[in-house]
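K.L.:
Numbering (the working numbering), first residue to last: -3 to 152.
Pasting a structure below so you can have a look.
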């Protein structure tokens, strides 16, 4: 096994770990988002006797993007040995979508924290988990980028 092949093997393992952690924290963040939506819906119904959808459904869209990103992370874990570098452009798009969703939810939660006890309670969790999700997404993308460069060098 050459030096490049051993680096490729190490980077595949690193990529596998980063995508697994990213997927876990994305699902955790999505659970917090759906918990906030549920709390807001039940609170609005008990106070106003009709359902008020917070931020015109932007929370639903954010949570849906994050669930999509988690599913993609699982697909990247499955395809680590086969075609991880062929999904490079898709990986870049999903990383951007994940970062956008995490930042958007931090902003929405900060706006809501003033008048929602649930949002105020989970604010520290949202802040920490969002930073973890962003860091792991960038790290996972960088590992795929490094793998692509190493495989190109091996082909030469």
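Heads up, the beta-carbon is just placed ideally off N, CA and C, and yes, glycines get one too.
Would the beta-carbon of residue 59 fall within 9 Å of that of residue 19?
P.N.:
By 1-based counting over the chain shown, the position of residue 59 is 63. By 1-based counting over the chain shown, the position of residue 19 is 23. Cβ distance not < 9 Å, so residue 59 and residue 19 don't count as in contact.
K.L.:
Report the rounded CA-to-CA distance for residue 127 versus residue 98, giving the unit in angstroms.
P.N.:
In the chain shown, the residue the question calls residue 127 occupies position 131. In the chain shown, the residue the question calls residue 98 occupies position 102. Going by C-alpha positions, residue 127 is about 8 Å away from residue 98.
K.L.:
On the premise that residue 10 lies in contact with residue 87, defined as a C-beta separation below 8 Å, what is that separation, rounded to the nearest angstrom?
P.N.:
By one-based count along the chain shown, residue 87 stands at place 91. By one-based count along the chain shown, residue 10 stands at place 14. That pair is no contact at about 14 Å.
K.L.:
Provide the residue span of the alpha helix (DSSP H) that contains residue 92, from first to last.
P.N.:
The residue you call residue 92 lines up with position 96 of the chain shown. Note, residue 92: alpha helix (DSSP H), 84 to 108.
K.L.:
Can you tell me where the alpha helix (DSSP H) holding residue 47 begins and where it ends?
P.N.:
Residue 47 sits at position 51 when you count from the first residue of the chain shown. No residue range can be given for residue 47, since it is assigned to no alpha helix (DSSP H) and is classified by DSSP as neither H nor E.
K.L.:
Please state whether DSSP places residue 75 in a helix, a strand or coil.
P.N.:
Counted from its first residue, the chain shown places residue 75 at position 79. Note: residue 75 maps to coil in three-state DSSP.
K.L.:
Identify the continuous alpha helix (DSSP H) that holds residue 135 and give its terminal residues.
P.N.:
Sequence index remark: in the chain shown, residue 135 carries index 139 (1-based). Residues 113 to 151.
K.L.:
What do you get for residue 107, buried or exposed, if any count of 16 or more other CB atoms within 10 angstroms of its CB means buried?
P.N.:
The residue labelled residue 107 in the question sits at position 111 within the chain shown. Result: exposed.
K.L.:
For residue -2, which of helix, strand or coil comes out of DSSP?
P.N.:
For the purposes of this step, residue -2 is identified with residue 2 of the chain shown, where counting begins at 1. Of the three classes helix, strand and coil, the one that applies to residue -2 here is coil, per DSSP.
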